[in-house]
Amino acid sequence: MHLLRILFAIFAVQHVQSANILGIFPHVGKSHFIAFEPLLKHSARTGHQVTVVSFFPQKDPPANYTDVSLREIAQIRKEAVNLQLFERSNKFINSLGLKMFLRQIFSFRPLSDLALNVCSGLVKFQPLAEVMQKHYDVVLIENFNSDCVLGLLHIYKIKAPVISLLSCPMMHWSASRIGLTDNPSFVPTITSQTSSIGSFLERLENSAMYVYFKLWFRYAVQVKERAIIEKRFQRKIPDLDVLARNISMMLVNTHHSLNGVRPLLPGVVEVGGMHLKDKRSKTIPHYIERFLNESEHGVVLFSWGSLIKTASIPKYKEDIIVNALSKLKQRVIWKYEDSDEEGTLSGNILKVKWIPQYELLQHPKVIAFIAHGGLLGMTEAISAGKPMLIVPFYGDQPLNGAAATSIGLGKAISYADMTEKSLLEGLQSVLSAEMRVSARRASKMWQDRIADPLDTAVYWVERVIRWGDQDPLHSAARDLTFIEYNLIDVAAVILLAIVFIILVLRIVVNQILRLLSASMSKKEKLH
Ligand SMILES: *[C@@H]1O[C@H](CO)[C@@H](O)[C@H](O)[C@H]1NC(C)=O
Ligand SMILES: *[C@@H]1O[C@H](CO)[C@@H](O)[C@H](O)[C@H]1NC(C)=O
Ligand SMILES: *[C@@H]1O[C@H](CO)[C@@H](O)[C@H](O)[C@H]1NC(C)=O
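Count the sequence shown with mature numbering (1 follows the signal peptide of the UniProt record, and there is no 0) and you get residues -18 to -1, 1 to 509, in order.
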């Protein structure tokens, strides 16, 4: 039997012929799923049986790709973020320097409600229970705002190795589950404002956020999700954090040349851009193509992504934007839900409901991109080598904006403090010849890889299928307690030893002094 297994394993090095892959992605934001979709579809096309549980079933699934739609357990989120939220906060909060803290804390709050809501739906969702009865060789899940799926895998006794996928930079709670160093003295957390932590205040803020969000995820999400699962199935399950520390590896949608250098491990592989290769090319609508053709000085593309409701922008701010844009000699395509079917043209600005973003970014007439700093849009811009003006709102956007600035891919400006002047200056700098050259250089560096990111992801998924936990990819730090990891026990012993030595020395010195002074006074008496 043992020999057979070895023979099988050796054979399997060359081929993972047809593995059963289960992907569970219970997050309602489409941009996350877009990052993973090509890996899932590609796996089905290369001969694996792929079962995908998500809010985004395929319209036209490839052979051997089975969808289980979660649409009935929650609403998907689209154009859900109201821009009124990002107006200048009150002076009192600003004056205390608390704005950034509060912005970061509030932007995460909805994510725990969302996680618990979806988890409550998942535990009762019969199609998922059926899917969980089958055998799988690997399970792909997202590492974002929830660990509910890990609890369910335990309930249904699925022993397959688990790979976590991240569509954004690593979350505050990602590193510890694989044993990765994320010391906040130099590793920016995902909500950080800057991409290089240095000054005392930056380290203070980064450390505060690091501790706050670890605790937040533990108590606002993990503990509550565990309770939801235990209540539904009427039995105890291990702490979700313990289950999380059993994942095999992570595939992260970043690349150091864009997102900055941070410590990695064999089990943390950067695959930034893996969603680009397998994308089915969308055609550019006729009216947009005509607009591009007629623009002799080029076009600036303007989109704040799929989650922000652009039409909720206050009137005065829209005027600021329109005034600044109308001073450009270039023309502008603005993704704006409230516009006509064939776009609404006024002056040099064409507002359109929907854009084929990546196709437009690759179009030679498009020379710059006004964006919100979501990682998918940034990835598309760096791949196309187009400079960006980033107006970050929440989540990882400020960090991404800072990263783009530091590599010469673009510039970031504040939305709350946006004026016609700041916007126009930002645009002029992004449209400058220097920025266009540095964006192309950043693009070349980003593309310069040992292998294509999708092929890299496929390789690692198949490697994990082949070896599972026989080939650990995490570091030993994963299994240490807080005290052990931070050497607090060792430091305490060293401190005690030092105190002990000082005490002993003091006693010895005192004794010597006493003996000396005794012998001195004896000598004096003799005289
Ligand atoms: C789908 O799976 C079946 C069974 O493994 C296999 O025979 C078939 O070739 C697969 N189809 C594709 C398109 O890979
Ligand atoms: C940890 O994962 C391995 C597979 O990689 C599995 O065999 C084992 O049962 C898991 N342990 C727990 C506690 O879930
Ligand atoms: C735009 O220009 C290209 C190349 O010159 C041409 O092939 C295409 O038909 C034009 N499209 C429109 C809508 O005018």
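All C-beta atoms in this analysis are idealised placements derived from N, C-alpha and C, irrespective of residue type, glycine included.
For ligand 1, I want to know if residue i counts as a neighbour, meaning its beta carbon is within less than 7 Å of at least one of the ligand's heavy atoms.
{"i": "Ala386", "result": "no"}
{"i": "Arg178", "result": "For the record, residue 178 in the displayed sequence is Ser; it is not Arg. Every heavy atom of ligand 1 is 7 Å or more from the Cβ of Ser178, so no."}
{"i": "Asn2", "result": "no"}
{"i": "Ala433", "result": "no"}
{"i": "Asn46", "result": "yes"}
{"i": "Gln40", "result": "no"}
If I follow the unbroken alpha helix (DSSP H) through residue i, where does it start and stop?
{"i": "Leu96", "result": "81 to 106"}
{"i": "Trp286", "result": "Per DSSP, Trp286 belongs to no alpha helix (DSSP H) and is neither H nor E."}
{"i": "Thr176", "result": "Here Thr176 belongs to no alpha helix (DSSP H), and DSSP marks it neither H nor E."}
{"i": "Asn241", "result": "238 to 241"}
{"i": "Phe464", "result": "464 to 467"}
{"i": "Met427", "result": "415 to 429"}
{"i": "Met153", "result": "Element bounds for Met153: n/a, residue is neither H nor E."}
{"i": "Ile16", "result": "12 to 27"}
{"i": "Glu252", "result": "Here Glu252 belongs to no alpha helix (DSSP H); instead the beta strand (DSSP E) covers 250 to 252."}
{"i": "Leu222", "result": "222 to 226"}
{"i": "Met370", "result": "Segment 370 to 372 is the beta strand (DSSP E) holding Met370; no alpha helix (DSSP H) there."}
{"i": "His257", "result": "256 to 259"}
{"i": "Met400", "result": "Unbroken run through Met400: none, as it is neither H nor E."}
For ligand 3, any of its heavy atoms closer than 7 Å to the Cβ of residue i?
{"i": "His345", "result": "no"}
{"i": "Asn275", "result": "yes"}
{"i": "Arg272", "result": "yes"}
{"i": "His268", "result": "yes"}
First and last residue of the beta strand (DSSP E) that includes residue i?
{"i": "Tyr47", "result": "47 to 51"}
{"i": "Thr33", "result": "31 to 36"}
{"i": "Glu394", "result": "Contrary to the premise, residue 394 reads as Ala rather than Glu in this sequence. 392 to 394 is the extent of the beta strand (DSSP E) around Ala394."}
{"i": "Lys317", "result": "313 to 317"}
{"i": "Ser146", "result": "144 to 148"}
{"i": "Thr326", "result": "326 to 328"}
{"i": "Pro7", "result": "Reading off the sequence shown, one finds Phe at residue 7, where the question assumed Pro. Note, Phe7: beta strand (DSSP E), 2 to 7."}
{"i": "Leu233", "result": "231 to 234"}
{"i": "Ile389", "result": "No beta strand (DSSP E) holds Ile389; DSSP gives it neither H nor E."}
Quick one: is the Cβ of residue i within less than 7 Å of any heavy atom of ligand 2?
{"i": "Asp451", "result": "yes"}
{"i": "His136", "result": "yes"}
{"i": "Ser230", "result": "yes"}
{"i": "Leu225", "result": "yes"}
{"i": "Lys141", "result": "yes"}
{"i": "Pro220", "result": "yes"}
According to DSSP, simplified to helix, strand and coil, what is residue i?
{"i": "Ala350", "result": "strand"}
{"i": "Gly408", "result": "helix"}
{"i": "Met(-18)", "result": "Confidence in Met(-18) is poor, its pLDDT being 49 and thus under 50, which makes the residue's placement unreliable; the coordinate value appears in the next sentence. Coil at Met(-18), not helix or strand."}
{"i": "Met217", "result": "Reading off the sequence shown, one finds Arg at residue 217, where the question assumed Met. DSSP places Arg217 in coil when its eight states are reduced to three."}
{"i": "Lys505", "result": "helix"}
{"i": "Gly450", "result": "helix"}
{"i": "Asn64", "result": "strand"}
{"i": "Val486", "result": "helix"}
{"i": "Val131", "result": "helix"}
{"i": "Phe273", "result": "helix"}
{"i": "Ile303", "result": "helix"}
{"i": "Lys116", "result": "coil"}
{"i": "Lys333", "result": "strand"}
{"i": "Gly161", "result": "coil"}
{"i": "Met191", "result": "helix"}
{"i": "residue 581", "result": "Because residue 581 is not part of the residues shown, which for the chain are -18 to 509, the question remains open."}
{"i": "residue 517", "result": "In the structure as shown, the chain starts at -18 and stops at 509, and residue 517 therefore has no counterpart that could be examined."}
{"i": "Glu124", "result": "strand"}
{"i": "Ile211", "result": "helix"}
{"i": "Lys196", "result": "helix"}
Quick one: what's got a C-beta closer than 7 Å to residue i's C-beta in the same chain, skipping five residues either side?
{"i": "Met(-18)", "result": "In this prediction, Met(-18) scores a pLDDT of 49, lower than 50, which makes its location untrustworthy; the coordinate-derived value is nonetheless stated afterwards. For Met(-18), where only same-chain residues beyond five positions count, there are no Cβ hits under 7 Å."}
{"i": "Met152", "result": "Ile172, Val234"}
{"i": "Ala1", "result": "His30, Asp119, Val120, Ile447"}
{"i": "Ala142", "result": "Tyr118, Asp119, Val120, Val121"}
{"i": "Val475", "result": "none"}
Give me, in chain order, the residues of the same chain whose beta-carbon lies closer than 8 Å to that of residue i; leave out the 5 immediate sequence neighbours on both sides.
{"i": "Trp428", "result": "His237, Ser239, Leu240, Gly254, Gly255, Ile364, Ser365"}
{"i": "Pro380", "result": "Thr173, Ser174, Gln175, Gly355, Pro374, Ala394"}
{"i": "Glu212", "result": "Lys218, Ile219"}
{"i": "Ile337", "result": "Ile270, Leu283, Ser285, Ile315, Lys317"}
Is the closest heavy atom of ligand 5 to the C-beta of residue i under 7 Å?
{"i": "Pro248", "result": "Summarising the ligand content, the structure contains ligand 1, ligand 2 and ligand 3 and does not contain ligand 5."}
If I measure Cβ to Cβ from residue i and keep anything under 6 Å in the same chain, skipping five residues before and after, which residues do I get?
{"i": "Gly11", "result": "Arg59"}
{"i": "Asn46", "result": "Ala26, Gln31"}
{"i": "Val348", "result": "Val281, Leu283, Leu342"}
{"i": "His279", "result": "Lys311, Gln312"}
{"i": "Val169", "result": "Arg244"}
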